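What follows is a single structure, written as C-alpha cells, with notes after it.
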Amino acid sequence: MKKTKTGIYGLDELIDGGFPTGRTILVSGSCGSGKTTFGIQYIYNGAELYNEPGIYVTLDERPSLLREDCLNFGWDLKELENKNMIRIIDGTVARMGFPTEEEFALPSTGLDIDKLLLEILASIKRFGAKRIVIDSVASLGLTLRTEEDIRRGLLKLNYLLGKAGTTSLLISEIEVDDKRFSKYGVEEYIADGVILMHYIGVGGGITRALQVVKMRGVKHSEYIHPLEITKRGIEVKRIEQADI
Ligand SMILES: Nc1ncnc2c1ncn2[C@@H]1O[C@H](COP(=O)(O)OP(=O)(O)O)[C@@H](O)[C@H]1O
Ligand SMILES: [Mg+2]
C-alpha cells in the first residue's frame with residue numbers, strides 16, 4: 444500500500460508511515476481542538492517537504508486570516524502559493540454571497556453541492572493536486588436539508604475525490620461530548636480513516652490529544668496520544684512522553 448506522509452511530528456509512525464495514498468480521511472473534533480492547524484500543516488508539509496501540490500478549500504475561515512495565523516508557525520503559505528505548490532480556495536464567500544478579493548474562490552451563487560463538487564474536481568485536475576483538505580464538510584452541507592441529501596452529497600464527494608486520486612482530508616466539527624465522530628454521523632462510514640482530536644480543559648490547563656479511530660488496511664496505534672500545539676505546529680507525543 445502506498446503511503447502519503449503527513450510530516451506532522453509523531454503522527455506518521457502511529458499510522459505505519461502515513462495516510463493510505465488516494466484515500467479519504469476524516470479529521471473530527473470539537474472547536475479549538477486543532478483541526479484547521481492539522482489540515483493546513485498537512486498541506487504545507489506536502490508542498491514544502493514532499494513536493495506535492497495541495498489544495499485547501501476553506502469554508503469557515505477567511506484565507507487572509509489563515510495565511511496570517513500560519514506565519515506564527517513559520518509557514519509562509521503565500522510563498523508556496525506563488526510557486527504554485529499550494530492553492531487556497533475561498534469558500535467563505537460562497538456561503539455568504541459576498542464578492543472576494545481572492546484569486547481562487549468557489550462561486551458565490553450559494554452552495555449548490557453538485558456545482559461545488561465539480562468545481563473542486565476541476566481545480567484538482569487543473570492544479571495537479573496530490574492532497575486536498577476540505578475545512579469543513581459541515582459547512583458544505585449547509586444547504587442540504589435532509590439526512591438523505593447529506594449522505595448522497597458526501598458519497599458523491601468521496602467518489603469524486605477517489606477518482607481524482609488525491610489523498611484527502613475532510614474536516615468535521617463535533618460537540619465536545621458528542622458520541623458520534625462527525626456532524627452528520629455518516630462521514631465516518633464514508634471515509635477510509637478517522638482521526639479524532641480531543642480538547643479537554645482541566646482546571647486552568649488544557650489537554651489536547653489525538654486518536655486514530657480507524658484507518659482501513661493499516662495497522663495503527665489504538666492509544667489516545669497527547670498532543671501539543673507549539674510554535675512548530677502540531678506535535679503528537681508518544682504515551683510515555685505524556686506530561687502527567
Ligand atoms: N502559534 C500557536 N502556538 C500555540 N498554540 C496555537 C497557536 N496558534 C493556535 N494555537 C492554538 O490552536 C487553537 C486553534 O486551533 P484550530 O486548528 O483553529 O482549531 P479548530 O480548527 O479545531 O477549531 C487555538 O485556540 C490555540 O489554542
Ligand atoms: Mg477550524
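Following my numbering, the numbering of the sequence shown begins with 444 at its first residue and continues without gaps.
Ideal Cβ placement from N, Cα and C applies to all residues, glycine included.
These numbers come from a predicted model, not from an experiment.
Taking only three categories from DSSP, how would you classify residue i?
| i | result |
| --- | --- |
| ALA572 | coil |
| GLU665 | coil |
| PRO463 | strand |
| ILE451 | coil |
| GLU683 | helix |
| SER625 | coil |
| MET539 | helix |
| LYS526 | coil |
| ASP442 | Given a span of 444 to 687 for the chain in the structure shown, any question on residue 442 remains unanswerable. |
| ILE458 | helix |
Where does the unbroken alpha helix (DSSP H) through residue i begin, and where does it stop?
| i | result |
| --- | --- |
| GLU678 | Element bounds for GLU678: not the alpha helix (DSSP H) but the beta strand (DSSP E), 676-679. |
| THR480 | 478-493 |
| GLY605 | 590-607 |
| GLU616 | It is not in any alpha helix (DSSP H) - GLU616 instead sits in the beta strand (DSSP E) that spans 610-616. |
| ILE633 | 630-633 |
| VAL580 | 580-583 |
| ARG510 | 506-514 |
Which partner residues does residue i have in the DSSP bridge list?
| i | result |
| --- | --- |
| ALA548 | ASP533 |
| ILE577 | VAL500, LEU613 |
| LEU670 | ARG651, VAL679 |
| GLY472 | GLU616, MET640 |
| LYS446 | PRO463 |
| LYS657 | VAL637 |
Which two residues bound the contiguous beta strand (DSSP E) that contains residue i?
| i | result |
| --- | --- |
| TYR499 | 497-501 |
| LEU639 | 636-645 |
Quick one: residues in its chain with C-beta nearer than 8 Å to the C-beta of residue i, no 5 flanking neighbours on either side, listed in chain order?
| i | result |
| --- | --- |
| ARG530 | PRO496, GLY497, ILE498, TYR499, GLU524, PHE547, SER566, PHE570, ALA572 |
| PHE624 | LEU469, SER471, SER615, ILE617, GLU630, GLU631, VAL637, LEU639, VAL656 |
| ILE682 | TYR666, HIS668, PRO669 |
| SER664 | LEU457, ILE458, VAL655 |
| LYS674 | ASN515, PHE516, GLY517 |
Once you ignore the five residues that flank residue i on each side, which residues in its own chain have a CB closer than 6 Å to its CB?
| i | result |
| --- | --- |
| ASN515 | none |
| LEU604 | THR467, SER611 |
| GLY450 | ASN488, LEU492 |
| TYR627 | ILE593 |
| ILE687 | Since pLDDT at ILE687 reaches only 48, below the 50 mark, its modelled position is unreliable, and the value read off the structure follows with that caveat. Excluding positions up to five away in sequence, the list is empty. |
| THR447 | GLY461, PHE462, THR464, THR610 |
| PRO506 | ILE531, ASP533, GLU545 |
| ARG651 | TYR642, LEU670 |
Which residues in the same chain have their Cβ closer than 7 Å to the Cβ of residue i, if we skip the five residues on either side of it in sequence?
| i | result |
| --- | --- |
| LEU564 | LEU603, ALA607 |
| CYS474 | GLU616 |
| THR480 | ILE672, GLY676, ILE677 |
| LEU598 | ILE633 |
| LEU502 | GLY534, THR535, ARG538, ASP578, SER579, SER582, LEU583 |
Using a Cβ-Cβ distance cut-off of 7 Å, determine whether residue i contacts chain C.
| i | result |
| --- | --- |
| LEU469 | In the structure shown, chain C does not exist; there is a single protein chain. |
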